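Here is the structure we will look at, set down as structure tokens.
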Amino acid sequence: MELTKALDLIWENRKYQTTDPKEAVSHLNEEVAESLKALLRNEIDKAKRELEDALSCLFIALKVLNINPEEAVMRQVAQMKERHGKLMIFKKDKVEIYVNGVLKGGWSIWSEEDIKEAEKIAKEFGCNIQYV
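At the far end of the sequence shown sits residue 113, using my numbering, and the numbering has no gaps.
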């Protein structure tokens, strides 16, 4: 089933009527919180049901905020690919930075402190880290 069709079906069969984005997102938040609470109590089946309810609430929130779900998925995939495009490779004596597979720079590592500082920089800039 296409996401847009699924959103329309959920919208037509929703249990609550709202056009207020804050209310729609609040319902979503409540369902996600209930799912987490169930997981923390090790109630897996209840957590799954609550998460499914959250999915409905997400679709309702998307509709209220006039967000096309298929376009939203494509934007998210593009963002994820962009994040995965940054890679910091730690070698024996140096660090190299790659963006989308292209070497962009690097520097020498002289101590354990240099490694920790490079790891901090990688996290700050959203780089994946690879040790070779």
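Here a beta-carbon is modelled for each residue, glycine too, at the ideal position from N, C-alpha and C. Since the structure is predicted, the reported quantities are computational estimates derived from the model, not experimental observations.
Whole-angstrom C-beta distance between residue j and residue i, which should lie under 8 Å
i	j	result
Glu31	Glu15	4 Å
Ala28	Ala19	4 Å
Ile90	Lys101	At roughly 13 Å, the Cβ-Cβ gap does not stay under 8 Å, so Ile90 and Lys101 are not in contact.
Continuous alpha helix (DSSP H) stretch holding residue i: start and end
i	result
Phe40	Ile25 to Val45
Ile90	First-last for Ile90: undefined, no H or E at that position.
Ile(-9)	Leu(-16) to Glu(-7)
Lys73	Run containing Lys73: none; DSSP gives neither H nor E here.
Lys18	Pro2 to Leu21
Own chain, CB closer than 7 Å to residue i, minus 5 neighbours either side, in chain order
i	result
Thr0	Val45
Ile(-9)	Ser37, Phe40 and Ile41
Leu84	Glu77
Leu9	Ala35, Cys38, Leu39 and Ala42
Asn81	Gly66
Neighbourhood of residue i by C-beta, 6 Å cutoff - its chain only, sequence neighbours within 5 removed
i	result
Ile110	Met69 and Ala103
Phe71	Tyr112
Residues sharing a beta bridge with residue i, DSSP
i	result
Asn109	Leu68
Val54	For Val54, which the question treats as bridged, DSSP gives no partner whatsoever.
Gly82	DSSP lists no partner for Gly82.
Residue from the options with nearest C-alpha to residue i
i	options	result
Gly86	Glu93, Ala59, Ala99 and Ser92	Ala99
Ile78	Trp91, Phe106, Met55 and Leu36	Phe106
Ser7	Leu84, Ala(-13), Asp34 and Met55	Asp34
Met(-18)	Ala28, Pro50 and Lys27	Pro50
Asp(-11)	Leu20, Leu43, Lys18 and Gly82	Leu43
Pro2	Glu94, Ile48, Val58 and Arg22	Ile48
Contacting residues, own chain, Cβ-Cβ under 8 Å from residue i (five flanking each side not counted)
i	result
Ile25	Ala19
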